[in-house]
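Protein chains: 2
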Amino acid sequence: MSKSPDRCVPSTADGLACCVPLAREPITVEQAAGAASMLKAVADPARLRLLSLVLSHEGGEACVCDLLPYFDLSQPTISHHLKVLHDAGLLHRKKRGTWVYYIARPEAMHALGSLFAAAAAPTLAGAGA
Amino acid sequence: MSKSPDRCVPSTADGLACCVPLAREPITVEQAAGAASMLKAVADPARLRLLSLVLSHEGGEACVCDLLPYFDLSQPTISHHLKVLHDAGLLHRKKRGTWVYYIARPEAMHALGSLFAAAAAPTLAGAGA
DNA sequence: CCACGACATCGACCGATGTCGATATTGCTC
DNA sequence: GAGCAATATCGACATCGGTCGATGTCGTGG
């Protein structure tokens, strides 16, 4: 019954839990660890705003110098946050001359969104049991 | 065109950022703080698994004694994690006799899902600018 | 080649957080 | 009411994580 594979291959090769909805069935310890590492990256006001700024910036990309004016934080701190987002697979780095541009990775955004997508519908569990 | 108010009233009265997508435009400092507090709650493997277990449990609800066997953690620790999820507005508490049942709040699940929903689509920013 | 500007790395500090054992609270049962 | 079972609270401990200043690296331009 719970045989709908969606259109999602479990590309855990990237370290991304592609489609692992929280509902329907309990996630495994490994899935929880992977998803939590991604969520930890965005569970910070500064990083959340950085991600949002990159996403909404012209062309979907932004360099550090574009982002700095939005914060009261030091440049090393911003750089650190960007590194956290990059290490979590949420941001892609592209070097252009002296500047480093960051671009959000749609796969990661999709992975995060799909986590809670199925959970938003009310009374979903127990219907099949 | 960027005038679509969706069907979402900003019910920040709950402390929930109802529909605050990351993309399209930069989120405010307050929105980031609110969303981050919710994300912090789920940015932990144990709590993520707890949420998933509650969601997929029969009837969409589970008491602490149902959840305990799934973990190697002590009962106070599980209780603590459930409190964190409850304080973040992700779980609802219902007392029935000696047992306390936890139920996931669909509004909160929707709020988390909508954060990344719009960000999953590629090349969304810069199109309107 | 040298100076400068953009960004990353390092080391240190300190508050936040996950974990435990012990204990308190609440409700059921006999 | 006494005892027990389910859950929450408390205090302590160790580790994690965000922040900074100082410094290193790399590319550009004079």
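Heads up: the sequence lines are chains A and B, in that order. Offset between the first sequence (1-based) and this note's numbering: plus 846. Offset between the second sequence (1-based) and this note's numbering: plus 846. Where is the CB? At the ideal position from N, CA and C, for every residue including glycine.
Residue i to residue j span [Cα, whole Å]
i       : j       : result
A973(A) : A963(A) : Below a pLDDT of 50, predicted positions are generally treated as unreliable, and A973(A), at 42, falls in that range; no measurement from the model is reported.
M884(B) : G935(B) : 8 Å
Y947(B) : L896(A) : 37 Å
L913(A) : G959(B) : 25 Å
G906(B) : H932(B) : 15 Å
R942(A) : A908(B) : 52 Å
P915(B) : V930(A) : 33 Å
A965(B) : R870(B) : 8 Å
E801(A) : V866(A) : Lying before the first or after the last residue shown, residue 801(A) is absent from chain A, which here runs from 847 to 975.
G880(A) : V888(B) : 12 Å
F917(B) : I924(B) : 8 Å
A878(B) : K886(A) : 14 Å
V910(A) : W945(A) : 8 Å
P787(A) : R939(B) : No answer is possible for residue 787(A): the residues shown for chain A start at 847 and end at 975.
E904(B) : L961(A) : 19 Å
H926(B) : H926(A) : 30 Å
Check whether residue i and residue j have beta carbons under 9 Å apart
i       : j       : result
L868(A) : S898(B) : yes
A967(A) : P952(B) : yes
L928(B) : L919(B) : no
8 Å contact criterion, which residue i and residue j should meet: CB distance rounded
i       : j       : result
I873(A) : L894(B) : 7 Å
P891(A) : A882(B) : 4 Å
query = Along the region 886-908 of chain B, what residues have a CB closer than 7 Å to any CB found in chain A?
reply = Cβ contacts with chain A come from K886, V888, A889, D890, P891, L894, R895, L897, S898, L899, L901, S902, H903, E904, G905, G906.
request  = Residues of the region 933-958 of chain B with a CB closer than 9 Å to any CB of chain A: list them in chain order, please.
outcome  = A950, P952, E953, A954, M955, H956, A957, L958
message = Short of 9 Å Cβ to Cβ, which residues in the region 909-923 of chain B face chain A?
response = Y916
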